[in-house]
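Residues 1 to 510 (the working numbering) are what the sequence shown spells out, left to right.
Reviewing the structure listed below.
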Amino acid sequence: MSDCRRKSAGRDGKNDGVLDFDSCYRAMASRDTRFDGAFVVAVTSTGVYCRPVCGARTPKPANCRFFKVPAAAEAAGFRACRRCRPETAPSSPEWNVRGDLVARALRLIAGGTVDELGVAGLARQLAVSARHLHRQLVAEVGVGPLALALNRRAHVARMLIESSTLPLSDVAFAAGYSSIRQFNGAILAAFGRAPRELRRAHAAHDTAGSGPLLLHLRFRPPLDGEALLAWLRARAVPGVERVDGHRYHRTLRLPRGSGFAELDLAPATARSGPAVGRHRQVPVRLTLEDLRDVTAAVRRCRDLCDLDADPAAVAETLGASPALRARADAAPGLRVPGCADAFELAVRTVLEQHHPPERAARLCGRLVARWGERAVAPDGEPDRLFPTARALADADPGALGLGTRQAAAVHSLARAVADGALALGQDADRETTVAALRALPGLAPWAVARIATHALLDPDVFSAEDPALRRAAQELGLPRDPHALAREAHAWRPWRSYAAMHLLTATPPA
Ligand SMILES: [Zn+2]
């Protein structure tokens with residue numbers, strides 16, 4: 001059940017999957033940013049659905065219906081609000097945090113998998129039947145995979161109509177429509193206006209041509225941009241990533257070609273003053289070899305900066321811990337950076353077992369220089385993709401330029417990924433992947449935990465064996481003994497990955 005009307009509102013509060021009418025209504029009336037993306041509100045008197053933070057007048061309770069996902073509101077006949085733009089809301093923290101079938105399916109659909117592989121391909125990737133997947137999604141969010149994918153397509157199209165200067169025919173193609181007619185019809189149905197009208201209403205674009213796409217990625221504030229930049233700067237792989245000032249640049253390996261992203265974290269670095277609260281978006285400039293990769297590129301950037309996080313929920317738990325309260329209060333917007341390339345992150349992590357982050361990144365840079373292919377690169381540097389697992393699996397381990405054991409570890413990791421024995425990334429089943437990583441030689445359990453944190457985006461990972469965490473814990477007066485530290489960390493569930501970030505960023509690496 002995903003739709004929630006006044007009369008049918010469940011009051012027992014036992015089932016987390018059901019939206020509670022009264023709490024949804026309260027959240028909407030207060031315009032609380034924490035709930036942005038967690039549900040949408042449809043107004044029966046206007047036929048329009050909104051984000052809970054929409055600035056429009058608060059509708060009467062009798063006119064409200066709440067849905068977990070925009071696609072369910074559209075399936076019930078509502079149009080997306082033109083003012084609050086539901087497609088720009090951060091994704092629901094719930095799907096970001098959960099690692100089960102429905103959450104993985106929603107992430108894949110949001111990343112464009114159905115456009116790429118169809119519903120059957122999506123089901124195959126998740127190792128279930130298309131029927132089972134459909135039933136599960138309908139039970140949880142009210143609509144099946146195809147409706148979710150069509151909704152996503154319309155919203156990507158609208159984002160491109162309004163945020164880019166691409167000709168409308170290119171927008172249709174990039175968003176995944178097979179004809180202009182289909183595109184016009186879908187946009188009209190979803191938003192009540194034709195593409196041309198939507199573009200005219202956003203005629204602020206003075207630049208002509210089809211240069212890089214400038215998009216704005218929303219997040220639930222606060223966001224600690226400085227901490228994010230410091231983390232990325234220390235780990236930037238030469239040739240692939242570069243940080244200068246508040247800007248982060250990197251190449252992207254995307255389903256259909258290469259891409260390049262430039263994220264401007266300056267709006268997110270203002271910690272106080274009038275800027276806080278006003279800037280809830282990260283501007284990103286994308287250059288893509290194939291425009292149809294726009295969804296996948298946005299997904300990578302969002303993951304990299306953990307933009308779907310729910311900082312208020314994290315702060316509530318960690319702020320209640322005597323050991324972490326000061327840290328949590330000092331850095332309420334601390335994010336757990338994800339990654340744009342899970343294999344790259346895993347290789348870097350193998351090397352971080354033996355080297356400080358900067359050195360590990362430099363060693364990765366050697367692999368890039370030798371095996372990384374060229375990527376589209378508007379700025380000259382960086383201009384390489386991180387090598388594929390296949391390229392490193394086929395290379396002679398002795399040629400990797402690493403110590404014998406490290407080379408063997410990187411090589412077996414590459415082979416496992418290239419052979420399909422190990423699936424990294426957001427569609428992977430976390431338990432299966434962690435088990436496969438643990439079976440690899442040369443990877444300590446705490447390094448596996450780091451990969452689970454940053455590549456699988458598991459928000460609740462904490463390895464008390466991690467030497468950097470133990471060191472940091474000791475400096476904060478926490479036990480250094482792994483067993484005692486692990487017990488302490490129990491209080492930080494389900495946000496132990498954020499607790500680990502607080503510890504790691506509290507002390508500079510030794
Ligand atoms: Zn609205």
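Every residue gets a Cβ at the ideal spot worked out from N, C-alpha and C, and that includes glycine.
- Shown here, S258 sits in a strand according to DSSP, grouped into three states.
- Looking only at I451, T433, A369 and S412, the smallest Cα-Cα distance to G338 is reached by I451.
- For secondary structure counted as the beta strand (DSSP E) over 3 or more consecutive residues, the region 12-74 holds these complete runs in sequence order: 40-43, 48-50 and 64-67.
- Rounded to the nearest angstrom, the gap between the Cα atoms of P52 and T33 is 8 Å.
- Counting the other Cβ atoms within 10 Å of the Cβ of T404 gives fewer than 16, which makes it exposed.
- Taken atom to atom, the span from the alpha-carbon of L217 to that of K68 is near 20 Å.
- With contacts defined by Cβ atoms closer than 7 Å, P222 and P322 do not form a contacting pair.
- Taking 6 Å as the cut-off, the C-beta of A56 counts as close to a heavy atom of ligand 1.
- Within the same chain, G239 come within 7 Å of A369 by CB-CB distance, once the 5 residues on both sides are set aside.
- Note on R253: 16 or more other CB atoms within 10 angstroms of its CB, so buried under the neighbour-count rule.
- For H216, there is no enclosing alpha helix (DSSP H); the residue is part of the beta strand (DSSP E) that begins and ends at L213 to R218.
- Proximity to P382 across G225, G425, R250 and L265 peaks at R250, based on C-alpha coordinates.
- Nearest Cα to I109 within the set R299, A486, W492 and L168: R299.
- Cβ-Cβ separation between A393 and G442: approximately 15 Å, too far for a contact (criterion under 8 Å).
- Residue pairing by DSSP places T251 opposite F260 in a beta bridge.
- Here DSSP, grouped into helix, strand and coil, assigns L400 to helix.
- Pairing G176 with R196 gives a Cβ-Cβ distance that is not under 7 Å.
- Per DSSP, the beta-bridge partners of L288 are G259.
- In the three-state reduction of the DSSP assignment, R493 falls in the coil class, being assigned neither a helical nor a strand state.
- Taking 6 Å as the cut-off, the C-beta of R242 does not count as close to any heavy atom of ligand 1.
- Contact between the region 100-109 and the region 132-147 is present, with at least three C-beta pairs closer than 8 Å.
- The nearest non-hydrogen atom of ligand 1 is 6 Å or more from the C-beta of C24.
- Put simply, the backbone Cα of S258 is about 5 Å away from that of A375.
- Under DSSP, V282 shares a beta bridge with L217.
- Taking the Cα positions, L504 is about 15 Å away from R325.
- For R83, the shortest C-beta to heavy atom distance toward ligand 1 is below 6 Å.
- E241: member of the beta strand (DSSP E) spanning E241 to D244, first to last residue.
- Remark: the shortest separation between the CB of C339 and any heavy atom of ligand 1 does not fall under 6 Å.
- Among the bridge pairs identified by DSSP, A80 is matched with Y49.
- Beta-bridge annotation (DSSP): R131 is not paired with any residue.
- D224 sits close to A331, with the two beta carbons spaced by under 7 Å.
- At least one heavy atom of ligand 1 falls within 6 Å of the beta-carbon of C50.
- By the Cβ neighbour-count rule, A360 is buried, with 16 or more other Cβ atoms within 10 Å of its own.
- Separation of L213 and R285 (C-alpha to C-alpha, rounded to the nearest whole angstrom) is 5 Å.
- Under a 10 Å Cβ-count criterion, Q406 is classified as buried, with 16 or more other Cβ atoms of the shown protein chains found around its own Cβ.
- For the pair A389 and A414, the CB atoms are nearer than the 7 Å cut-off.
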